[in-house]
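Visitor: Dumping the structure here so I can ask a few things about it.
Numbering (our numbering), first residue to last: 1069 to 1211.
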């Protein structure tokens, strides 16, 4: 095991002990078989929980404060990363739509230009055809 893995294992064991050490202490106290201890003889499990819940409510957050902060930071970073990814995806989609519109516009302009050139070529061909075959500009005259 390397030192990083050992460190993680120690953290897990520490958390485990933080959870179970107060419970063990209280069960040890209430599990004693002494006749002269009035608190053990007169109180039942409700007294155990009256003591245990506030102790856990104070000890657990205090002991795990560093882990709690780390979890909230992780959640905050995850939400931030998700927000940034959504913005990037939105920008990319917007850029794709703009590029598609630009391509469509360019294609439409090319088609319109082609139609104009075709009309101009047709008009020029008609003008050439109308000028006659002899080049004099008069139709039907020969000679």
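Cβ coordinates follow ideal geometry from the N, Cα and C atoms, glycine included. Predicted model only: the values in this text are computed from it and were never measured.
Does the separation of the CB atoms of residue 1127 and residue 1090 fall below 8 angstroms?
Guide: It is a contact, given that the beta carbons lie within the stated cut-off.
Visitor: Could you check the C-alpha separation between residue 1146 and residue 1133 for me, to the nearest Å?
Guide: Near 20 angstroms, if we compare the C-alpha coordinates of residue 1133 and residue 1146.
Visitor: Got a sec, what are the start and stop residues for the alpha helix (DSSP H) residue 1096 sits in?
Guide: Note, residue 1096: alpha helix (DSSP H), 1071 to 1098.
Visitor: What's the gap between the Cα of residue 1150 and the Cα of residue 1168?
Guide: Using only the alpha carbons, I get a separation of about 27 angstroms.
Visitor: Does DSSP put residue 1150 in a helix, in a strand, or in coil?
Guide: Looking at residue 1150 - three-state DSSP - the assignment turns out to be helix.
Visitor: Using the Cα positions of residue 1119 and residue 1081, report the straight-line distance between them to the nearest angstrom.
Guide: Going from the Cα of residue 1119 to the Cα of residue 1081 covers about 25 angstroms.
Visitor: Please classify residue 1084 as buried or exposed, where buried requires at least 16 neighbouring CB atoms within 10 angstroms.
Guide: When all chains shown are included, residue 1084 counts as exposed.
Visitor: In terms of alpha-carbon separation, which member of 1088, 1086, 1162 and 1117 lies closest to residue 1098?
Guide: Comparing Cα-Cα distances from residue 1098 to each of 1088, 1086, 1162 and 1117, the minimum goes to 1117.
Visitor: Could you check which residue in 1087, 1180 and 1094 has the C-alpha nearest to that of residue 1131?
Guide: That would be 1087, whose Cα lies nearest to the Cα of residue 1131.
Visitor: Cβ of residue 1178 within 7 angstroms of any heavy atom in the ligand GDP?
Guide: For the structure depicted, the ligand GDP is absent and the ligand set is empty, with no information on it obtainable.
Visitor: Does residue 1101 come out as helix, strand or coil in the three-state DSSP assignment?
Guide: Note: residue 1101 maps to coil in three-state DSSP.
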